[in-house]
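Trainee: Top to bottom, those sequences are chains A, B, C and D. Take the first sequence: its letters are residues 15 to 210, numbered as in the working numbering. Take the second sequence: its letters are residues 15 to 210, numbered as in the working numbering. Take the third sequence: its letters are residues 15 to 210, numbered as in the working numbering. Take the fourth sequence: its letters are residues 15 to 210, numbered as in the working numbering. Sharing a structure, written as structure tokens. Questions coming.
4 protein chains.
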Amino acid sequence: MNRRSGIESKRKIIEAAIKVFSECGYRAATIRMIAKEAKISPGGVYIYFKNKEDLYLFLVKEKIRELDELTSPVLKDKSHPYSALKEYMRRVMDFARMHKELIMIHSRELGFSFGIDLKREFIKKEKSMLVDLIKEGIKSGEFVDVDPEEAAKMITCLIRGYVFSFVVTPEDPPKSEECIRMVLRGLSRKKEGGDG
Amino acid sequence: MNRRSGIESKRKIIEAAIKVFSECGYRAATIRMIAKEAKISPGGVYIYFKNKEDLYLFLVKEKIRELDELTSPVLKDKSHPYSALKEYMRRVMDFARMHKELIMIHSRELGFSFGIDLKREFIKKEKSMLVDLIKEGIKSGEFVDVDPEEAAKMITCLIRGYVFSFVVTPEDPPKSEECIRMVLRGLSRKKEGGDG
Amino acid sequence: MNRRSGIESKRKIIEAAIKVFSECGYRAATIRMIAKEAKISPGGVYIYFKNKEDLYLFLVKEKIRELDELTSPVLKDKSHPYSALKEYMRRVMDFARMHKELIMIHSRELGFSFGIDLKREFIKKEKSMLVDLIKEGIKSGEFVDVDPEEAAKMITCLIRGYVFSFVVTPEDPPKSEECIRMVLRGLSRKKEGGDG
Amino acid sequence: MNRRSGIESKRKIIEAAIKVFSECGYRAATIRMIAKEAKISPGGVYIYFKNKEDLYLFLVKEKIRELDELTSPVLKDKSHPYSALKEYMRRVMDFARMHKELIMIHSRELGFSFGIDLKREFIKKEKSMLVDLIKEGIKSGEFVDVDPEEAAKMITCLIRGYVFSFVVTPEDPPKSEECIRMVLRGLSRKKEGGDG
DNA sequence: TATGAATGAGGCTTCATTCAT
DNA sequence: TATGAATGAAGCCTCATTCAT
């Protein structure tokens with residue numbers, strides 16, 4: 015019997031699950047595959063997670079939390095809307111690039127009944143912060159006078175397209191800097207956006 | 015026994031399959047579900063399609079062909095790049111809105127081994143036509159002097175984001191006109207894009 | 015609709031069934047295959063035969079009758095046991111060679127509940143005639159004094175082995191003349207069996 | 015849950031499979047039947063065997079190996095061709111009697127695409143050894159001067175007929191000693207075959 | 001008499017989950 | 001905490017058989 019601390023085992027399972035879910039999608043991934051990848055027995059998985067759904071949800075939550083921790087501070091800093099927005103997009107895109115496969119499942123498998131609330135809630139929260147930031151930018155005169163709601167949606171839209179394109183055509187990916195420039199060009203009062 | 019012509023049954027199955035695949039994804043969709051939706055017996059599906067994969071591939075091919083027929087004429091018309099591009103985006107987005115769910119599978123389940131070639135080929139072809147159109151626009155002076163490759167990617171990227179957002183937040187969808195304006199604003203030499 | 019006389023259709027089905035059953039065995043053969051081979055629709059088969067089993071049994075009966083018609087006259091001719099036996103074996107082996115595949119099913123698929131009685135009855139009858147013939151031969155002095163029962167069994171045994179070997183190693187088949195000679199050598203009072 | 019060691023379960027499945035395949039043939043046998051016979055769940059069979067074909071092939075291989083182990087030493091002993099041949103036939107027939115049903119499938123279902131090579135190879139090897147033995151016997155003067163190839167075929171032929179007859183008419187089986195005597199009588203230079 | 005679309009039981013197989021060890 | 005054999009529901013698919021035409 016391979017004795018390990020519980021935490022270590024759980025961590026192994028999580029990593030294995032990310033890998034396997036990412037490669038196969040939720041349905042096609044099997045507990046056996048995850049267990050094997052984690053060098054644990056199938057039964058072992060059930061010590062740490064109630065079931066497959068529970069395991070998947072755990073991953074999603076974790077990733078959402080990670081992304082939140084990464085972006086919230088930036089979005090909350092309303093002193094420099096222009097740079098904040100630039101930094102926000104950069105971070106989201108970097109994060110997406112790192113976790114692209116899981117994000118695809120996360121998005122695609124919205125069709126599933128579970129996990130939706132979690133994701134929708136995050137999306138809503140994120141959008142609301144983005145709207146606030148844009149409003150701030152307009153107020154401060156850094157941004158042109160656009161509908162903040164629509165602008166936020168466009169930004170999100172472009173970020174999603176970026177992630178998506180990354181998965182669909184990984185051999186010819188879009189450039190994140192190009193995306194950021196496009197957004198800033200449309201929003202900014204300044205001529206163009208030289209990078210900091 | 016519910017007597018119908020073969021063509022009628024096949025059509026019913028196709029429609030049912032689109033619905034079920036769209037709602038559940040490829041793996042989670044079952045033949046039984048599709049059959050039930052088509053008001054046919056499970057065995058009946060196999061009269062018209064070799065197997066589940068065959069049925070799925072048929073749908074994808076059909077949709078790709080439809081979209082191709084819709085967009086090719088526009089992209090090939092190089093006399094008015096500005097309007098052509100606008101019209102192209104409009105059509106793709108309209109099409110996407112109509113078939114959003116299936117498109118999501120089509121994109122997400124690229125990870126599957128089958129159907130990839132089909133899709134990749136289409137994507138490549140579409141992009142190449144887009145690049146040509148942009149080059150033409152630059153030559154004619156309608157567009158600013160950008161890298162046509164990158165511009166094409168950005169356009170595709172934005173379209174994808176549009177589709178994606180449509181699926182993720184159907185209750186608060188992005189506006190296609192907004193997307194189109196964003197692209198044209200970035201490309202066009204003209205001040206803004208008043209719609210025709 | 016392909017109009018034919020009923021008899022013609024039935025004949026076509028029978029021929030097709032022999033072919034398909036021979037090639038695939040009872041279970042693996044499908045009504046659809048048989049119908050296709052007979053250039054008729056699957057439903058058409060059921061006009062002439064109650065079901066698959068009924069069709070199979072019909073074939074078996076037919077073959078048994080054919081073989082019976084071929085061998086009975088020979089076995090019943092007790093005036094020349096030696097030549098009769100030789101001729102009997104020759105005919106059975108020829109028949110077997112012509113219908114080897116079907117015979118194999120017929121034998122192997124004894125395990126099935128149906129058709130057994132039919133076959134067993136024939137086998138019994140045939141054996142009893144063979145025993146009579148041998149007795150006659152012993153009485154007439156043509157054959158040595160053996161146990162007629164055992165001799166009959168050996169003959170049947172050898173014939174079966176012949177058929178079997180024909181199927182198992184068709185590229186290197188046993189020779190029927192060799193088998194016949196072996197039997198006659200054991201039975202006959204005469205030195206060897208020169209062929210008639 | 016009925017806890018057993020893996021080896022025990024596998025053995026149970028193998029025994030059940032032999033029984034069920036023997037009684038029904040390959041096609042008609044179902045995994046469910048085998049599982050039930052083995053007192054295991056249908057899914058349990060797949061722990062030990064990849065699929066039905068794999069299970070069947072395993073049995074065939076096992077039986078071939080068993081028979082090979084039983085007969086090879088005898089056939090290889092060329093010092094006493096007469097007794098060796100007698101012993102060989104005795105062993106094959108005994109073995110056949112013990113495993114008659116499976117052997118019937120093994121032979122009949124040659125028509126299947128799988129397992130053929132296995133069987134053909136064994137048959138070829140066995141025949142070649144038999145030919146060598148007969149040659150030896152001719153050289154040593156124990157056997158009369160026959161064509162070794164043909165003689166080997168006749169022996170195989172008779173053995174097969176023996177097995178076959180055993181299955182077809184188990185209530186009135188042929189006698190193995192009779193078969194052996196018949197062969198030896200044909201081959202031997204000695205008058206008759208008194209048993210050793 | 002003939003068709004062939006349709007049915008649905010049933011076969012093979014997978015896999016989330018359980019549980020004796 | 002960990003194992004992995006075992007379960008059984010459920011999915012895909014086949015095919016004997018039926019029946020409206």
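Idealized CB from N, CA, C, for every residue including glycine.
Please check if any C-beta of chain B sits within less than 7 Å of the C-beta of proline 188 of chain A.
Mentor: Residue mapping note: residue 188 of chain A aligns to position 174 of the first sequence, counting from 1. True, the Cβ-Cβ gap to chain B drops below 7 Å.
Trainee: Can you look up phenylalanine 157 of chain B in the DSSP assignment and give me helix, strand or coil?
Mentor: Counted from its first residue, the second sequence places residue 157 of chain B at position 143. Strand.
Trainee: Using a Cβ-Cβ cutoff of 9 Å, what residues of the segment 31 to 46 of chain B are near chain A? List them in chain order.
Mentor: Answer in chain order: Ser36, Glu37, Cys38, Gly39, Tyr40, Arg41, Ala42.
Trainee: From the DSSP secondary-structure annotation, give me the bridge partner or partners of serine 202 of chain B.
Mentor: Translated into positions along the second sequence, residue 202 of chain B becomes position 188. B:Phe157, per the DSSP bridge assignment.
Trainee: How should lysine 90 of chain D be labelled, buried or exposed, when 16 other C-beta atoms within 10 angstroms of its C-beta is the threshold for buried?
Mentor: Indexing the fourth sequence from 1 puts residue 90 of chain D at position 76. Its Cβ having fewer than 16 others within 10 Å, lysine 90 of chain D is exposed.
Trainee: For chain D, check one thing: does any of its Cβ atoms lie closer than 7 Å to the Cβ of phenylalanine 178 of chain C?
Mentor: To locate residue 178 of chain C, count along the third sequence from 1; it is residue 164. True, the Cβ-Cβ gap to chain D drops below 7 Å.
Trainee: Would you kindly work out how many angstroms separate the C-alpha atoms of leucine 69 of chain B and alanine 43 of chain B, rounded to a whole number?
Mentor: Here residue 69 of chain B is taken as the residue at index 55 of the second sequence, counted from 1. Here residue 43 of chain B is taken as the residue at index 29 of the second sequence, counted from 1. About 12 Å.
Trainee: So, does the CB of methionine 107 of chain B fall closer than 7 Å to a CB anywhere in chain A?
Mentor: The residue given as residue 107 of chain B occupies position 93 in the second sequence. No, because no Cβ of chain A sits closer than 7 Å to the Cβ of methionine 107 of chain B.
Trainee: Please identify, using Cβ separations under 8 Å, the residues of the segment 193 to 204 of chain B that lie next to chain A, in order along the chain.
Mentor: Those residues of the segment 193 to 204 of chain B that come within reach of chain A (Cβ to Cβ, closer than 8 Å) are Cys193, Met196, Arg199, Gly200.
Trainee: Can you say whether arginine 46 of chain B is buried or exposed, counting buried as having 16 or more other CB atoms within 10 angstroms of its CB?
Mentor: For the purposes of this step, residue 46 of chain B is identified with residue 32 of the second sequence, where counting begins at 1. The residue in question, arginine 46 of chain B, is exposed, as its Cβ has fewer than 16 Cβ neighbours within 10 Å.
Trainee: Would you check if there are 3 or more beta carbon pairs closer than 8 Å linking the segment 155 to 165 of chain A to the segment 149 to 165 of chain B?
Mentor: No, the segment 155 to 165 of chain A does not touch the segment 149 to 165 of chain B.
Trainee: In terms of residue numbering, what span does the alpha helix (DSSP H) encompassing lysine 92 of chain C cover?
Mentor: Looking up residue 92 of chain C in the third sequence gives position 78. No alpha helix (DSSP H) contains lysine 92 of chain C, which DSSP labels as neither H nor E.
Trainee: Which word fits methionine 196 of chain B, buried or exposed, when buried means at least 16 other C-beta atoms lie within 10 angstroms of its C-beta?
Mentor: Here residue 196 of chain B is taken as the residue at index 182 of the second sequence, counted from 1. Label assigned to methionine 196 of chain B: buried.
Trainee: Taking the alpha-carbon positions, what's the lysine 77 of chain A to tyrosine 102 of chain A distance?
Mentor: Counted from its first residue, the first sequence places residue 77 of chain A at position 63. Counted from its first residue, the first sequence places residue 102 of chain A at position 88. Cα-Cα distance, rounded: 16 Å.
Trainee: So is lysine 75 of chain C in contact with chain D if we call contact Cβ pairs under 7 Å?
Mentor: Residue numbering aside, residue 75 of chain C sits at position 61 when the third sequence is read from its first letter. Judged by the 7 Å Cβ criterion, lysine 75 of chain C is not in contact with chain D.
Trainee: Grab the span of the alpha helix (DSSP H) containing glycine 58 of chain A for me, first residue to last.
Mentor: In the first sequence, residue 58 of chain A corresponds to position 44, counting from 1. 56 to 62 is the span of the alpha helix (DSSP H), which, as asked, contains glycine 58 of chain A.
Trainee: Which first and last residues belong to the alpha helix (DSSP H) in which proline 184 of chain C is found?
Mentor: Start at 1 with the first residue of the third sequence, and residue 184 of chain C comes out as number 170. Looking at the DSSP string, proline 184 of chain C is not in any alpha helix (DSSP H), and its letter there is neither H nor E.
Trainee: 7 Å is my cut-off, CB to CB: does glycine 211 of chain B come that close to chain A?
Mentor: Missing from the structure shown is residue 211 of chain B; chain B here goes from 15 to 210 and no further.
Trainee: Looking only at its chain, what residues have a beta carbon closer than 7 Å to the beta carbon of arginine 75 of chain A, apart from the 5 residues adjacent to it on each side?
Mentor: Here residue 75 of chain A refers to the residue found at position 61 of the first sequence. Residue 75 of chain A is actually lysine in this sequence, not arginine. Contacts found: Leu132.
Trainee: With 16 as the cutoff for other CB atoms within 10 Å, does glycine 39 of chain A come out buried or exposed?
Mentor: One-based indexing of the first sequence puts residue 39 of chain A at position 25. Buried: at least 16 other Cβ atoms inside 10 Å.
Trainee: In this structure, does DSSP put serine 36 of chain C in helix, strand or coil?
Mentor: Looking up residue 36 of chain C in the third sequence gives position 22. If DSSP states are grouped into helix, strand and coil, serine 36 of chain C belongs with the helices.
Trainee: Give the straight-line distance between the Cα atoms of serine 93 of chain A and valine 145 of chain A, rounded to the nearest whole angstrom.
Mentor: Translated into the one-based positions of the first sequence, residue 93 of chain A becomes position 79. Translated into the one-based positions of the first sequence, residue 145 of chain A becomes position 131. C-alpha separation (whole angstroms): 15 Å.
Trainee: List the residues of chain C that leucine 69 of chain D touches, going by C-beta distances under 7 Å, in chain order.
Mentor: To locate residue 69 of chain D, count along the fourth sequence from 1; it is residue 55. Residues of chain C passing the Cβ test: none, with the nearest at roughly 17 Å.
Trainee: Which residues of the segment 135 to 155 of chain C have a Cβ closer than 9 Å to any Cβ of chain D? Give them in chain order.
Mentor: Residues passing the 9 Å Cβ filter: Ile137, Lys138, Lys141.
Trainee: Do proline 95 of chain C and glutamate 150 of chain C have their C-beta atoms closer together than 7 Å?
Mentor: Translated into the one-based positions of the third sequence, residue 95 of chain C becomes position 81. Translated into the one-based positions of the third sequence, residue 150 of chain C becomes position 136. Contact: yes.
Trainee: Apply the 10 Å Cβ neighbour rule to methionine 112 of chain D and answer buried if 16 or more other Cβ atoms are within range, or exposed otherwise.
Mentor: Locating residue 112 of chain D in the fourth sequence gives position 98, counting from the first residue. Exposed: under 16 other Cβ atoms inside 10 Å.
Trainee: Would the segment 183 to 202 of chain B and the segment 180 to 192 of chain A be scored as touching if the rule is three or more Cβ pairs under 8 Å?
Mentor: Contact between the segment 183 to 202 of chain B and the segment 180 to 192 of chain A is absent, because fewer than three Cβ pairs lie under 8 Å.
Trainee: Under 9 Å between beta-carbons, which chain C residues line up against methionine 168 of chain D? List them in chain order, please.
Mentor: As a working mapping, residue 168 of chain D is identified with position 154 in the fourth sequence. Going along chain C in sequence order, the residues near methionine 168 of chain D (Cβ under 9 Å) are Leu172, Gly175, Pro188, Lys189, Glu192, Cys193, Met196.
Trainee: Rounding to the nearest angstrom, what Cα-Cα distance links lysine 50 of chain D and lysine 138 of chain D in this structure?
Mentor: On the fourth sequence, position 36 is the one that residue 50 of chain D refers to. On the fourth sequence, position 124 is the one that residue 138 of chain D refers to. The straight-line gap from Cα to Cα measures roughly 37 Å.
Trainee: Which same chain residues, not among the five before or five after arginine 199 of chain D, have their C-beta less than 6 Å away from its C-beta?
Mentor: In the fourth sequence, residue 199 of chain D corresponds to position 185, counting from 1. Nothing meets the Cβ criterion.
Trainee: Would you mind telling me which residues of chain B sit closer than 9 Å to glutamate 164 of chain A, beta carbon to beta carbon, in chain order?
Mentor: Here the question's residue 164 of chain A lines up with position 150 in the first sequence. Within 9 Å Cβ-Cβ: Pro188, Lys189, Glu192.
Trainee: Taking C-alpha atoms, which residue in C:Leu81, C:Asn65, C:Tyr60, C:Lys33 lies nearest to glutamate 140 of chain C?
Mentor: Against the third sequence, residue 140 of chain C aligns to sequence position 126. Here the closest residue by C-alpha is C:Leu81.
Trainee: Measure the CB-CB distance between alanine 110 of chain C and leucine 147 of chain C and report whether it falls below 7 Å.
Mentor: As a first step, residue 110 of chain C is located in the third sequence; it is residue number 96 there, counting from the start. As a first step, residue 147 of chain C is located in the third sequence; it is residue number 133 there, counting from the start. No, the Cβ-Cβ distance between alanine 110 of chain C and leucine 147 of chain C is not below 7 Å.
Trainee: Looking at arginine 41 of chain A: is its Cβ nearer than 7 Å to the Cβ of arginine 41 of chain B?
Mentor: Looking up residue 41 of chain A in the first sequence gives position 27. Looking up residue 41 of chain B in the second sequence gives position 27. For arginine 41 of chain A and arginine 41 of chain B, yes; Cβs fall inside 7 Å.
Trainee: Which residues in the same chain as arginine 104 of chain C place their Cβ atom closer than 8 Å to its Cβ, once the five residues preceding and following it in sequence are excluded?
Mentor: Your numbering for residue 104 of chain C matches position 90 in the third sequence. Counting only Cβ-Cβ distances below 8 Å, and skipping sequence neighbours, we find Ser190, Ile194.
Trainee: Alpha carbon to alpha carbon, what distance is there between phenylalanine 136 of chain A and cysteine 220 of chain A?
Mentor: Lying outside 15 to 210, the shown extent of chain A, residue 220 of chain A is not represented and no answer is given.
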